[in-house]
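Trainee: Sharing a structure, written as structure tokens. Questions coming.
In our numbering, the protein residues as written are 343 to 571.
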């Protein structure tokens, strides 16, 4: 059963972006757009984790956090534009388990969600294991190891992340800009040819290893990890 996350955030763009990324990771997501609605939905669905904005109409994040803590120990991560230490202390005193300051990278949010879930209620190892296995190829992001034809290959972090991302959705085509957004992050403003360079380096490590998969260029579009079903 999927881990459930409740997002309480009055900025609809941020809420929908968080929802998209979390659902891509397999979470079941519900959105509330103000504090009062957030508390109502919390009581209705009893989520596994809450992402909670601070400055909201009806009830602010502090009030919602206090209300949740009065009846449950559900993990809470506060989301706010405030960065002063006093605000962080207030959030933690209110019972929050973590605190993320806007603007944030989605990869940071996902990492913190996983960390808080492990630290509090825990999650199944099967869900959290980031290890992909194909013929003569193992991509283990937990150990940060790439094993090709039985040999561990030294691989820079970005190459590992790129390969893992492509191989996580076999046969799906990604544009260079999509890969830049997903692997390098929204704050990356470099040349899209960076992706080409990293794919070339990966191919040097993987070319000819197996006939069951390959890194394929889709001309005029981007790249995909092609695998036989």
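Every residue, glycine too, gets a C-beta built ideally from N, C-alpha and C.
Could you give the residue range of the beta strand (DSSP E) that holds residue 482?
Mentor: 479-482
Trainee: If contact is defined by three or more beta carbon pairs under 8 Å, each pair taking one atom from either stretch, is the stretch 532-542 in contact with the stretch 502-518?
Mentor: yes
Trainee: Exposed or buried, which one is residue 496 when buried takes at least 16 other CB atoms within 10 Å?
Mentor: Burial call: exposed.
Trainee: Please list, in chain order, all residues of the same chain as residue 390 whose beta carbon is under 6 Å from its beta carbon, the five residues on each side excluded.
Mentor: 345 and 346
Trainee: Run the CB neighbour count on residue 396, radius 10 Å, all protein chains shown included, and call it buried at 16 or more, exposed below.
Mentor: By the 16-neighbour rule on beta-carbons within 10 angstroms, residue 396 is buried.
Trainee: Label residue 529 either buried or exposed according to how many other C-beta atoms from any shown protein chain fall within 10 Å of its C-beta, with 16 as the threshold for buried.
Mentor: Annotation note: pLDDT 48 at residue 529 (below 50); position unreliable, coordinate value reported separately. Per the 10 Å Cβ criterion, exposed.
Trainee: By DSSP's criteria, residue 376 is part of a beta bridge. Which residues make up the other side?
Mentor: Bridge partners of residue 376: none, in fact.
Trainee: In chain order, what residues of the same chain have a beta carbon less than 7 Å from the beta carbon of residue 524, not counting five sequence neighbours either side?
Mentor: 507
Trainee: Might you give, ordered along the chain, the residues of its own chain that have their beta carbon closer than 7 Å to the beta carbon of residue 371, omitting 5 neighbours on each side?
Mentor: 347, 349, 361, 364 and 365
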